[in-house]
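Student: Residue numbers (my numbering), protein chains in the order written: chain Y, 20 to 522; chain V, 12 to 313; chain G, 890 to 1575; chain D, 4 to 321. What follows is a structure written as structure tokens; I'll ask about it next.
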Amino acid sequence: SDEPGGQTDGQTGGGTPRKGGTIKVANQKPVSTDPVAMQDLPGYGIVAQCFEFLATLGPDGDIAPGLAESWEPNDDGSVWTFQLRQGVKWQDGSDFTSADVAATMDRLAEAGNSGLQGVLEKGGVDASDPAVAVFNLTGPNGNLPYLVSLYNAQTPITPVDYETGTTLQDSPNGTGPWILDQFDANTGCTFSRNPDYWGEAPLLDAQEMTFFDDPGTMITAIQGGQADAIVQFPAIAGAALLNDPNFTVLDVQAATHQQVWMRCDTGQFADPRVRQALAMTFDREGMVQTLFNGRGVIGNDHVIAPFFPYFDDSVPQRTKDDEGARQLLSAAGFADGLKATLQAVKFQEIPDFAALIQAGARAAGFELELAVEPVDTFYGTQWCPPKPADPPCSGAAELGIVNYGHRPTPDVYLNAALSTGGVWNSSQYSSSEFDAAFKGFQSSIGVEEQTVAAGQLETILNEDVPVGVAYFYNYLAGHSSKLTGVQVSALGQMYVDKAGFTE
Amino acid sequence: MSIESVDPVIVGGPAPAPPVFDARGEKRIARRERLRLLVRRPGFIVGSVILLFWIVCAVGGDNITPLDPINDFDVSNQRPNADHLFGTDQLGRDVFSRVMAGARDVLIAAPIAAVLSVAMGSMLGVIMGYYRGWVDEVLSRIIEALLSIPVVLVALLIISVLGASAIIVIGTVAVLFTPIVARTVRAATLAEAQLDYVTAARLRGESGLFVMTREILPNISGTITVEFTVRVGYAVFTISTLSFLGAGIQPPSPDWGLTISDTYRLIQAGFWWPTLFPALAIASLVIATNLVADSIDTVRSA
Amino acid sequence: MSDPSTPHDEPGGERTGGVATRPDALSVEGVELAYLVRGIPREVLRGVTFRVAPGEAYGLVGESGCGKSTTAFAALRYLPTNGRITAGRILVGGQDVTHMSDRELRNFRAHDASMVYQDPGAALNPTLKIGSQVAEAFTTLGHDKKEALDRAVDALHRVRIADPLRVMHRYPHQLSGGMQQRVVIAMALACDPQLLVLDEPTTGLDATVEAEVLDLVRALRHETNAAILLIAHNLGVIRSMCDRVGVMYAGKIVEEGDALEVFEAPKHPYTIGLLQCLPRHGARKTEQALFTIPGTLPQIGTPLPTCVYVDRCALADDLCRDEVPPVVELEPGHWTRCHHVDRLAQMPEASPQTKSQEGEHDLAVELNAVSKTFRVHGTDVPALVSIDLGLVDGETLGLVGESGSGKSTLAKAMLGIHPPDPGGEILLDHVALADKAGDRPAEAMRAMQMVFQNPDSALNRSWTVRRILMRAVMKLTGANKRTAEERVQQLTEGLRLSPRHLDMRPRQLSGGLKQRVAIARAFAGDPRIVICDEPTSALDVSVQAAILNLLSDLQFDRSTGYLFISHDLGVVRYLADRIAVMYLGRIQEVGTTDQVFNGPHHPYTEALLSAVPSVDGEPSERIRLTGEIPSPADPPSGCVFHTRCHRFMEGLCDVVEPPVIEIEPGHLSRCHLPADQLGRVEVGTG
Amino acid sequence: MTRYILRRVALSLVTLYLLATMVFIIVNVLPDDPGRRIAGPFAPQEIVDSLNERLGVNDPLLDQYARLLRNVVTFDFGESFKFGQPVKEVMLPALGRSAKLVVLGFVLTVPISIAAGIFAARRRNSFADRSVVTLGLASSSIPEFVSGVTLQFVIGVQLGWLPVLALAPSDAGLIGELRYLLLPALALVAVYFGYIARITRAGTIMALDSDYTRTAVMKGLSGRRVLTRHVMRNALQPTVAVIGTQIGYLFSGLIGLELIFNYPGLGSLLVNAASDKDFPLLTAGVILVGVIYMLTTLTADLIIAWMNPRSRLAGDRA
Ligand SMILES: Nc1ncnc2c1ncn2[C@@H]1O[C@H](COP(=O)(O)OP(=O)(O)OP(=O)(O)O)[C@@H](O)[C@H]1O
Ligand SMILES: Nc1ncnc2c1ncn2[C@@H]1O[C@H](COP(=O)(O)OP(=O)(O)OP(=O)(O)O)[C@@H](O)[C@H]1O
Ligand SMILES: [Mg+2]
Ligand SMILES: [Mg+2]
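This is the structure we're talking about:
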């Protein structure tokens, strides 16, 4: 079945950690800490300290048994049986049972969790045996363990009496290694060791998490010794950390990428040759180098990241070719060049990415105007405005850049952004060939079969270029070298329960 | 022999003026004299030269920068060197060229915002100072209330809703500066409206509009000029701050405030040059307008 | 600069013997002083030499800007940072002030010399109570705090402050100008100085207050034995106060001598000119024009190698231009710097004239029961109370009264600038006028115009003279541009302005010229009535004379009526046909000029007249007004004047409002005393 | 004096009312959909609608206006959209932090800039004077976020002398907190030193040239006494006025510094409220800032009135 996205350096070892001490973690200010509704990485990272998933982060970055000790599908994968860990207690002292799992899944189904939607319906979990949770799915799904793992970040198990809509700080009653002591949405929160934790008790006594508005300040905090660990940092601003001997970088390969969408239905980019031409102007290696200090891999205008096990590397890589791009442009009727506005959001390195695209495309005859907007206006005006609603996202701009966070499988990207009628289909790409190939991909089982299906998708997307994908970039986190045993996922969940100070 | 003696003409300010007994009494002499005084002040010269330099940069834009400030990429993060006087930024663009080209947006926006605020503020101020009474009282309260609104905050709010277009940035800054200008102009008008020539005008039946625009306004033009120069300086500052906070001028403009906000974190990585030079540029522009304003003020009140 | 006379052979050097053992209180020896203006030294004092003996009062007179204050400040070495003494010495009590260290200087100022100057309001620290400011003068003398406070009370007593303990707790702005000046004087006298410098101590104060302050100084002089250097441009003040006087012109003393002698028999053309500019000995416009001195004082720094006065002197000839005039000692102690002492008789004199109004004139403006109440911070301030007044074509009605009596308010009410309270009426040619200027017909606006006190503020400084006049003509007469241009032409000629002035801005004109432009503007629409609110009080006497001549000429030519407001009774007497005396918003007396001046007068008028120090000598009997002017917001009961009246009759005046009595036909007074019991003041000689 | 205070307070209340009205207008005139803001761009319309219903944004404007005025009077603005907590509870800690920073900044700035201003005024046009003026102008022309970052990097990171973040741990104690606040406070000093020194210098020059100073000198007082007793009380009035306005302004004006030093003060709280469209928090914040501004200017005016009794007559400054 599917492989997870994260891997490699997501964890540190070396040195024997001692017991005790308080770790100071720098995290960005969370938007929400409602486990069911949260959408932001900082929120994920906080909630994951107290609440646990059925499947958690393994040492290799893959999922590993968490609150479930093991899981087993039936033959067609439509029913999954999870053996729950025994002896686990909620922090208020009550026992963890399958009723908690069932209640959590019901809440998620009600809220329309993006991963579980169409997979599991309300009441789909059978909790008749307190030690076993049986998931009756709406259809076969080989990926279910991922969908109830930390990679579907809204799925931590909350107690059966958990009230929908409340936040971690309202009801901080988890099963995790950390107990929330204090929480202030503006400044930060503190956790102390859960003495009754079912697993190995954390070495550290406590965790102090400070919230930041500005990611850059987090780096300063590390440099100034006011933080021991940083949940995420950008590669360029954090350049100093990358070469700092007193700092350990946690570099997690991720499928995080930025899509340059081009409207396929109307306008200047309706002709695939124009889209190909623009994609041909990308200096992909240069971009990865400049924007991410080399911490990423180049993309080939499709959304299957190279480290997915089913990645088909036989599809030829598109490389920078200004001459070729110019010719394609002429052929498409833009012999005198093409003028367009590139919509970008002021988020992370996107403005810089846009500037690189703008500059790189000039030689081929693209005259791109940059329009950069803050996050709160960009989404909802340039990208997928609520109106017109049919087809979804048909009000999007002609050309723009949008960010896609890490997913353990490419399904969401393929479904929402590229399928006909997809809710986030800002390029209004509509290809029956693609839709069919996507169906094939979803129903294929086993890496070989998946690789074939993925190869098809790659070829179609690389040909049609509804979105330009120049790179996938790594998730960077890190901590002071005085620490060891810190583990992080590409979704902002930093686990320090096995961590400790070495000196 | 009652009045056959006609007093000789004295040119120049009241007390400490040189004895110029110029029978021709050109009306432009006074202005020329002030100009001469201005030109003699080192502060004015330094300020004007800096200002002029930035104006040239703003007008010339990327036509006069050594390299294309937006589209020319070299190796990123180079220290200042012979090829790149101020080094290169995180994308490998020439910082020197960007600093030069960065003058444009702010030099368009700041003076326009200043002009608008001075125009609106003067209008309000003159009305308040001339009519006094309840008109003044009411407007004063409104101005006081406006002044108590946090400037940057409201700017951010407006911009976050209406989007960060140049027009909105300019308009916002102009509106925010208006009450401050109004207060200064009101004070000047108040003093001016006490003078007897205003009474004389009313005695021949001039309208309020005439008195305000033709009689009073020319006499407070000095105050207004100074206010304008000062406001330009503050507008540069405010617009840069807005850009820094992401609500002002938008990328890929090489605008200084924006550049600083894009690059200031790189200082920690040891790349101080993409931040330092735009910061110095802002400072030099603000200082220059201040020097010019100070000089005009001193010469005017001398 | 190149004055050949060294301090030693300077006249007045050998002073009378009796005091020779004590050094002079002040000895200024050949002081030359320059102000640095933009780096260039501009000479202000050009070798000033004079001495003040202990206990003596020395007066310094001269036009504005001639260097009087500079001399005074030099005497205490308190010069602006750009002032430089380039030659000469200044000795106070034998100590050389010019070479003192900071310490010595401080000591010297604390113990030996003091100064009082114009504008007492500014001289007191607005943030400190009177008591602590006065006491401070004693603590510097080494007294401890408590003793200093006790002494401060004594000091305030000494300057005739009735209730020192209360005043001690006041802030300066809570005191009237006269009181403030007393406080300043009290501080100045704290150290019993050898030398007291008074620089225009009464300028800006009312004549009545001025008289009080001068009385005080005179009395204190006898008590303290301080030598006094008194600076004033009011010659009357100098005459009444000083033993000797020096006449200064362009940084040089041109004549010095016994005060009476100098004023009675001046021996320098400049002194003669100054004295002749004044309307003296009860002179009237119908009898003579006033003398004027042509030209203006040279700017500081102007090279004046020979006689400083040569450019304006009627007697000047080549000799004056080529050679430094000698010091001519006429009598012991009275000398002058002039080549032509023998020709002084040839000085032109004020020309006699006969002007009289022929026939009867109409009543142009009439005020019936006009009142004006201001509202200040919620309290009513009745500034005018039921004024009845008429003004005939071609007549000058003088309006006098202490500051704050409502003179300007009356003028502005007439003009509609301060709309009067409802109830009264203002009639122009027997037709009632709207209250507000803006509501009045153009004709009425044109008929009444105003000339203001301060020509600087009366002219729009960013307009050219041409624009000022054109606008007035066009707006008032409705003339088109061409006719207006002609009219402006006529006006400039009529006012003896030259056409080249038309393109200048007010800044480029001297004070006198500015006032002329302002008058021209008032006359632009051929008004029936012109209201002149102290039109000459900001001007030097020589300029004042020219303006007064001009006003009277214009009146005779055009038969314009004037409402002429002034503090200067001499001027009013010269110009007015009738006089109204105001007190606290009420007219107390009205009559022809002769009636009002010759009496019998209302007690208030009597006091006013007797207060005036005159170059012609003191009134025989002086009636001093005591106490403060009551606030118009809270006027006294009965007769509003009763609190200060020397004829106060208890039980009557403070209870019953006095009736208006007719002393003679046309001579009305508001007093309980019958006409035959009213007093008379002998002023000058008619 | 009582009368003066009453009058000033009354006027401030009028201003407060106008301020509330303006905030109401701004919040309502701006085209926006708070429900959508809170729920995010992906939320279904029904959720947005029900949110809007709950927030009362669809109520008649007059009702909303009345509600706002009531809130101002009781100083109770309900719950923050974003934090789900009473606005007061979110705002007061931030206010306290802002106050600490501003106060520390001014405690450091005011004495040295006043001293420098007086020093410069006494040596008018000397080299020292010019240096103070030029240095002040230069330092106040560098945006505070630049000087802040520079200080942070040099003193905090390179030299390691002071903490780089301004928020002290809860157990830091007063001295500890000061240490944490020192870097941003120094950035404030850089900005305000020049401004206050210049104002002080101008005021001092005026006072030195005044007649009452002349009187004092003529009394034979020592230079120091003249300065402390006569000059300063008068000269510092504009300085006090400026400090009053600036302190009021800075409570919300330190967004840049708060960002750089990760100091959760009022400025960044309100900026976030503005971008989150957390209207209850924003409205309350703007009004709170307005009230603070009025209080500081009022205090300044009262101090001036105390320093100079004459100014009580002049009433208020517009
Ligand atoms: N600090 C200064 N710098 C330059 N010029 C000055 C300065 N102070 C005074 N003057 C000029 O010096 C001249 C003499 O001034 P001073 O004050 O001594 O005259 P004054 O005789 O006292 O006049 P007034 O009667 O108007 O007081 C005037 O022309 C004045 O303008
Ligand atoms: N605009 C005003 N508002 C309030 N009170 C006023 C106003 N103008 C004048 N007053 C008051 O009215 C009274 C008369 O003032 P007014 O100026 O008419 O006196 P005046 O006789 O012209 O005095 P001066 O000789 O000083 O010019 C004074 O008590 C003054 O304070
Ligand atoms: Mg003088
Ligand atoms: Mg008056």
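The beta-carbon is built from N, C-alpha and C at its ideal position, and this holds for glycine as well.
1. Tell me the DSSP bridge mates of G/Met-1004?
2. What are the start and end residues of the alpha helix (DSSP H) that includes Y/Ala-122?
3. Compute the Euclidean distance between the alpha carbons of Y/Asp-111 and Y/Ala-248, then round it to the nearest angstrom.
4. Would you say the beta carbon of G/Lys-957 is closer than 6 Å to some non-hydrogen atom of ligand 6?
5. Using a threshold of 6 Å, is the CB atom of G/Ala-1272 nearer than that to any non-hydrogen atom of ligand 2?
6. Give a single yes or no on whether G/Val-926 has its beta carbon closer than 6 Å to a heavy atom of ligand 1.
7. Give the list of continuous alpha helix (DSSP H) stretches no shorter than 4 residues that lie fully inside the region 1476 to 1554 of chain G.
8. Using a Cβ-Cβ cutoff of 8 Å, what residues of the region 250 to 264 of chain V are near chain Y? List them in chain order.
9. With H, G and I counted as helix, E and B as strand and the rest as coil, what does DSSP make of G/Lys-1035?
10. Between the C-alpha atoms of V/Ile-260 and Y/Gln-188, what's the straight-line distance to the nearest angstrom?
11. So the alpha helix (DSSP H) D/Tyr-183 belongs to, where does it begin and stop?
12. Is the region 368 to 387 of chain Y touching the region 414 to 422 of chain Y, taking contact as three or more C-beta pairs under 8 Å?
13. Using CA atoms only, rank isn't needed, just tell me which of G/Ile-929, G/Thr-960, G/Arg-1226, G/Glu-952 is closest to G/Ser-916.
14. Is G/Gly-954 near ligand 1, with its Cβ less than 6 Å from a heavy atom?
15. Under the three-state reduction of DSSP, which class applies to V/Gln-205: helix, strand or coil?
16. D/Thr-77: buried (16+ other C-beta within 10 angstroms of its C-beta) or exposed?
17. Is there at least one Cβ from chain V nearer than 7 Å to D/Met-297's Cβ?
18. Quick one: Cα of G/Lys-1174 to Cα of G/Pro-1416, how far?
19. Beta-carbon of Y/Thr-27 versus every beta-carbon of chain D: anything under 7 Å?
20. Look up G/Cys-1421 in the DSSP assignment and say whether it is helix, strand or coil.
21. Looking at the C-beta of D/Asp-319, does it have a partner C-beta in chain G at a distance below 7 Å?
22. Measure the alpha-carbon distance for V/Ala-112 versus Y/Val-271 and round it to whole angstroms.
23. Let's test the definition: count the other Cβ atoms within 10 Å of the Cβ of D/Met-4 and tell me whether it reaches 16, buried, or not, exposed.
24. Cα-Cα, which of G/Ala-1522, G/His-1556, G/Val-1549, G/Cys-1560 is closest to G/His-1531?
25. If we call anything under 7 Å between Cβ atoms a contact, is G/Ala-1178 one with G/Asn-1438?
26. According to a CB-to-CB cut-off of less than 9 Å, which residues of the region 235 to 251 of chain Y neighbour chain D?
27. Between the C-alpha atoms of G/Ala-1333 and V/Ile-231, what's the straight-line distance to the nearest angstrom?
28. So, helix, strand or coil for G/Ser-1426, using DSSP?
29. Along the chain, which unbroken stretches of the beta strand (DSSP E) at least 3 residues long are found entirely within the region 1156 to 1211 of chain G?
30. Could you tell me whether any Cβ in chain Y is nearer than 7 Å to the Cβ of V/Ala-290?
31. Does the region 140 to 151 of chain D come close enough to the region 223 to 233 of chain D to have 3 or more Cβ pairs within less than 8 Å?
Tutor: In brief:
1. G/Val-1086
2. 117 to 130
3. 29 Å
4. Of the ligands one can find in the structure shown, namely ligand 1, ligand 2, ligand 3 and ligand 4, none is ligand 6.
5. yes
6. yes
7. 1482 to 1487, 1492 to 1500
8. Gly-257, Ala-258, Gln-261, Pro-262, Pro-263
9. helix
10. 38 Å
11. 176 to 211
12. yes
13. G/Thr-960
14. yes
15. coil
16. exposed
17. yes
18. 21 Å
19. Reliability of the predicted coordinates at Y/Thr-27 is poor, the pLDDT of 39 falling under 50, and the value obtained from them is presented with this limitation in mind. False, the Cβ-Cβ gap to chain D never drops below 7 Å.
20. strand
21. Residue confidence is low: D/Asp-319 scores 36 on pLDDT, short of 50, so the model does not pin down where it sits. Its coordinate-derived value is still stated next. No, no contact with chain G.
22. 39 Å
23. exposed
24. G/Cys-1560
25. yes
26. Gly-235, Thr-236, Met-237, Thr-239, Ala-240, Gln-242, Gly-243, Gly-244, Gln-245, Ala-246
27. 31 Å
28. coil
29. none
30. no
31. no
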